[in-house]
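Undergrad:
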Amino acid sequence: MTREQQMEKFMEANKRMIERAKPGQERDYMLAMCAGFLTGVQMTNAITTQQYNDYYRELRELARRLEAARTEERNGNDVRIAV
């Protein structure tokens, strides 16, 4: 398995875990851990800066979608998020 394939699997697995986590502190902690891991991988030159930016953008987008869904749930709407 190539490094890129490993990173893709890592990101997909973590996005699923983040999506399933309880909203609030638990989810925030998991997002921060994943972002920290990405930073470490980029700092050791295991991934390029462009790859880091792409993966980080995915995390930010996931966080935005989850927060939007949380807001909708607070408003009484049933929402499902596709990761």
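For the sequence shown, position 81 (counting from the first letter as 1) is numbered 74 according to the numbering used here, and the numbering increases by one without interruption. Ideal Cβ positions, reconstructed from N, Cα and C, are used throughout, including at glycine.
#1: Tell me whether R20 is buried or exposed, calling it buried when 16 or more other Cβ atoms sit within 10 Å of its Cβ.
#2: Use the C-beta contact count for N7: other C-beta atoms within 10 angstroms, 16 or more gives buried, fewer gives exposed.
#3: If contacts are defined as beta-carbon pairs under 8 Å, then M10 and M23 qualify, I think. What distance do you get, rounded to the angstrom?
#4: Closest to E51 by CA distance: which of E1, P16, R13 and I40 is it?
#5: Less than 6 Å between C-beta atoms, sequence neighbours within five positions excluded: which residues of the same chain meet that for I40?
TA: Taking the definition as stated:
#1: In the sequence shown, counting from the first residue as 1, residue 20 sits at position 27. So R20 counts as buried.
#2: On the sequence shown, position 14 is the one that residue 7 refers to. Of the residues assessed, N7 falls on the buried side of the cut-off, its CB having 16 or more other CB atoms within 10 angstroms.
#3: Along the sequence shown, one-based indexing puts residue 10 at 17. Along the sequence shown, one-based indexing puts residue 23 at 30. That belief holds up - the Cβ atoms of M10 and M23 are roughly 6 Å apart, short of 8 Å.
#4: As a first step, residue 51 must be located in the sequence shown, where it is residue number 58. Of E1, P16, R13 and I40, the residue nearest in Cα terms is E1.
#5: Mapped onto the sequence shown, residue 40 falls at position 47. For I40, where only same-chain residues beyond five positions count, the Cβ hits under 6 Å are V34.
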